[in-house]
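J.: Here it is: the structure, laid out below.
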Amino acid sequence: DVKVTQSSRYLVKRTGEKVFLECVQDMDHENMFWYRQDPGLGLRLIYFSYDVKMKEKGDIPEGYSVSREKKERFSLILESASTNQTSMYLCASSLAGAKNIQYFGAGTRLSVL
Amino acid sequence: AQKITQTQPGMFVQEKEAVTLDCTYDTSDPSYGLFWYKQPSSGEMIFLIYQGSYDQQNATEGRYSLNFQKARKSANLVISASQLGDSAMYFCAMREVSSGGYNKLIFGAGTRLAVHP
């Protein structure tokens, strides 16, 4: 079974803090993704990575950056957290290839106060 | 413009009955894929079923089937014999190609399904 692990289920941070969300997958997947989920908006792609040290912006990259130094780990960074970044963050991974079935972690619910 | 539309914010169904969750999509790419995911209250997204645009038959996975109508650009999820554990959010998604040439998914807003005993 594919295992995608997000380091925290819940996080509370203050405005202006630098925040790191970590994601690890154990299936040697080439692709990794970060989404945020807000009610009524579904999942929106922030960034994804198709190889180590390679990344591409998604639909809402503003205010975020990412890091992928090892194949199994993909980090989402909020350089200076703001209240409008309060949300559920979901990490996913997939094999490269046509189907692109993505497997998700349990999510991190981030509150920025 | 929305590329994936789920028009039903909420649905309910009696246990053991079948239910259809609607999904329409918009793309000009002849090659695409459609997915359904389930998200229980625990938060984890669970992959349910996949349909490729060139697949001749509608996809089925156990009690889940995908009613794929290409001309109408619809990919409705049918759950047969509903169970209480089917109560969850359901998301329809479509694979599209990014500006860099890589596959990514876009998601609809979701439908919350409640199964009543």
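So the protein sequences, as listed, match chains P and U.
Mapping of the first sequence onto the working numbering: position 95 corresponds to residue 95, and the numbering continues sequentially without gaps.
Whatever position you read off the second sequence (first residue = 1), add 1000 for the working numbering.
For each residue, glycine too, the CB sits at the ideal point set by N, CA and C.
As the structure is a computational prediction, the values presented were derived from the model and not from experiment.
1) Of all Cβ atoms in chain P, is any one closer than 9 Å to the Cβ of Pro988/U?
2) Just to confirm the assignment, what range does the beta strand (DSSP E) spanning Glu56/P have?
3) Strictly by DSSP, which residues pair up with Tyr1090/U?
4) Let's test the definition: count the other Cβ atoms within 10 Å of the Cβ of Val1115/U and tell me whether it reaches 16, buried, or not, exposed.
5) Quick one, which of Tyr1032/U, Gly1085/U, Thr1027/U, Tyr1037/U has its alpha-carbon nearest Lys1016/U's?
6) Tyr89/P and Arg36/P: beta carbons closer than 9 Å?
7) Which chain U residues sit within Cβ distance under 7 Å of Lys99/P?
8) Rounded to whole angstroms, what is the Cα-Cα separation between Thr1060/U and Tyr50/P?
9) Could you spell out where the beta strand (DSSP E) holding Glu69/P opens and where it closes?
10) Output, in sequence order along the chain, the residues in the stretch 1063-1079 of chain U whose CB is closer than 7 Å to any CB in chain P.
11) Quick one: what does DSSP say Gly1052/U is sitting in, helix, strand or coil?
12) Note down the Cα distance separating Trp34/P from Val52/P, rounded to an integer number of angstroms.
13) Tell me whether Lys70/P is buried or exposed, calling it buried when 16 or more other Cβ atoms sit within 10 Å of its Cβ.
14) If we count the other Cβ atoms within 10 Å of its Cβ and call it buried at 16 or more, is Ala1088/U buried or exposed?
15) For Ser1080/U and Gln1014/U, what's the separation of their Cα atoms in angstroms?
16) Using the C-alpha atoms, what's the distance from Leu113/P back to Val19/P?
17) Based on Cα-Cα distance, which residue from Leu1113/U, Lys1003/U, Arg1112/U, Gly1101/U lies nearest to Arg44/P?
18) Is it right to say Lys1038/U is buried, meaning 16 or more other beta carbons lie within 10 angstroms of its own, or is it exposed?
19) With 16 as the cutoff for other CB atoms within 10 Å, does Gln1006/U come out buried or exposed?
20) Return yes when the C-beta of Gly40/P is under 8 Å from any heavy atom of the ligand NAD, and no when it is not.
21) Compare the C-beta of Met88/P with all C-beta atoms of chain U and state if any pair is closer than 9 Å.
T.: The answer reads as follows:
1) Since the first residue of chain U shown is 1001 and the last is 1117, residue 988/U is not available in this structure.
2) Counting along the chain, the beta strand (DSSP E) containing Glu56/P begins and ends at 54-57.
3) In the DSSP assignment, the residues bridged to Tyr1090/U are Lys1038/U, Thr1111/U.
4) Classification of Val1115/U: buried, given that the 10 Å Cβ count is 16 or more.
5) Comparing Cα-Cα distances from Lys1016/U to each of Tyr1032/U, Gly1085/U, Thr1027/U, Tyr1037/U, the minimum goes to Gly1085/U.
6) In contact: Tyr89/P and Arg36/P (Cβ atoms closer than 9 Å).
7) Within chain U, the residues near Lys99/P are Gly1033, Tyr1050.
8) So the alpha carbons of these two residues sit roughly 29 Å apart.
9) For Glu69/P, the uninterrupted beta strand (DSSP E) run begins and ends at 64-70, by DSSP.
10) Closer than 7 Å at the C-beta level to chain P, one finds no residue of the stretch 1063-1079 of chain U.
11) DSSP places Gly1052/U in strand when its eight states are reduced to three.
12) Going from the Cα of Trp34/P to the Cα of Val52/P covers about 15 Å.
13) Under this definition Lys70/P is an exposed residue.
14) Ala1088/U sits buried, since 16 or more C-beta atoms from the chains shown fall within 10 Å of its C-beta.
15) Ser1080/U and Gln1014/U have their C-alpha atoms roughly 11 Å apart.
16) Going by C-alpha positions, Val19/P is about 13 Å away from Leu113/P.
17) Comparing Cα-Cα distances from Arg44/P to each of Leu1113/U, Lys1003/U, Arg1112/U, Gly1101/U, the minimum goes to Lys1003/U.
18) With 16 or more Cβ atoms within 10 Å of its Cβ, Lys1038/U is classed as buried.
19) Buried, by the Cβ-count rule.
20) Among the components modelled here there is no ligand, and therefore nothing to report on the ligand NAD.
21) Under the Cβ criterion of 9 Å, Met88/P is counted among the residues facing chain U.
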